[in-house]
Each structure stands twice: as structure tokens, then as C-alpha cells.
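In the working numbering, the protein residues as written are 3 to 137.
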Ligand SMILES: [Zn+2]
């Protein structure tokens, strides 16, 4: 990618949260009404949890700054937020002339992360582990 386009993209990544996050927070009640229109997850209806089960509640818990509750519903969103914060910090540092690498570049990090996620998806469907009561 051309250097000027890359700098513009990184500036957009740095500035976007300052516009998107307040807008999402301001319209959270409206968003909640929209999400309630979505059909119930078929897995959830059958008493199981798919990888996405609990993400809506996790999102709204996060909007209420309740990180513990957000993680209990589904930790995916928090992990994505952490990765985005690292990306955001890299882009912000680049814009002030410093190149830092905070996001893991190793493919093994992402392989391990996806493996943990897959194992978690299986474990959360075992009733004895009580994940189902959370989501
Ligand atoms: Zn689901």
C-alpha cells in the first residue's frame, strides 16, 4: 500500500473511536431495541451455546462499563477490544512518528487464540461447567 494511503488509513483508525464510541453510547437504547428484533439463536433455542451466544449481552454490559459481566456473557468481544486497542495504539504511535509493534505478528499467537476459542466453545456447552446459565 502506498505510504500516504497507509497514513490516511491509520489516521482513520485513530480518529474513528472518538466518533463511533460516543455515538454508540448515545444510541445504546435504540440499539438495544434493534437487537431485540433479531431472531433468537437456533442453538440457544435448543439449549446450546454457539460461538456468538452472549455477544449482544456482552456488548451492552460493556456499554455499561461492566467488564466482568461482559466477559461472563462471552469473552470474544473483550478479546477483540484488546486487539483493537493494540492496533489503535500502533496507529497512533505511527502518526506521531514512532513505529511500535504491539499486535502479535506470529501466526502461532492467532492459531493458539483460535484453538482456545474452539475449546471454549465446546466447554461452554457442558452443563456441569455452568456456562449455559451465564449466556
Ligand atoms: Zn448462539
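Ideal placement from N, C-alpha and C gives every residue a C-beta, glycine not left out.
Following the continuous alpha helix (DSSP H) through residue i, name the residue where it begins and the one where it ends.
i           : result
residue 120 : 109-125
residue 59  : 57-65
residue 51  : No alpha helix (DSSP H) holds residue 51; DSSP gives it neither H nor E.
Does at least one heavy atom of ligand 1 sit under 7 Å from the Cβ of residue i?
i           : result
residue 43  : yes
residue 79  : no
residue 52  : yes
residue 55  : yes
residue 132 : no
Cα separation between residue i and residue j?
i           : j          : result
residue 107 : residue 78 : 19 Å
residue 102 : residue 96 : 7 Å
residue 10  : residue 98 : 13 Å
residue 53  : residue 44 : 12 Å
residue 85  : residue 31 : 26 Å
residue 147 : residue 14 : As shown, the chain starts at 3 and ends at 137. That puts residue 147 outside it, with no answer to give.
residue 29  : residue 35 : 10 Å
residue 124 : residue 57 : 16 Å
Which word fits residue i, buried or exposed, when buried means at least 16 other C-beta atoms lie within 10 angstroms of its C-beta?
i           : result
residue 121 : exposed
residue 16  : buried
residue 66  : exposed
residue 126 : buried
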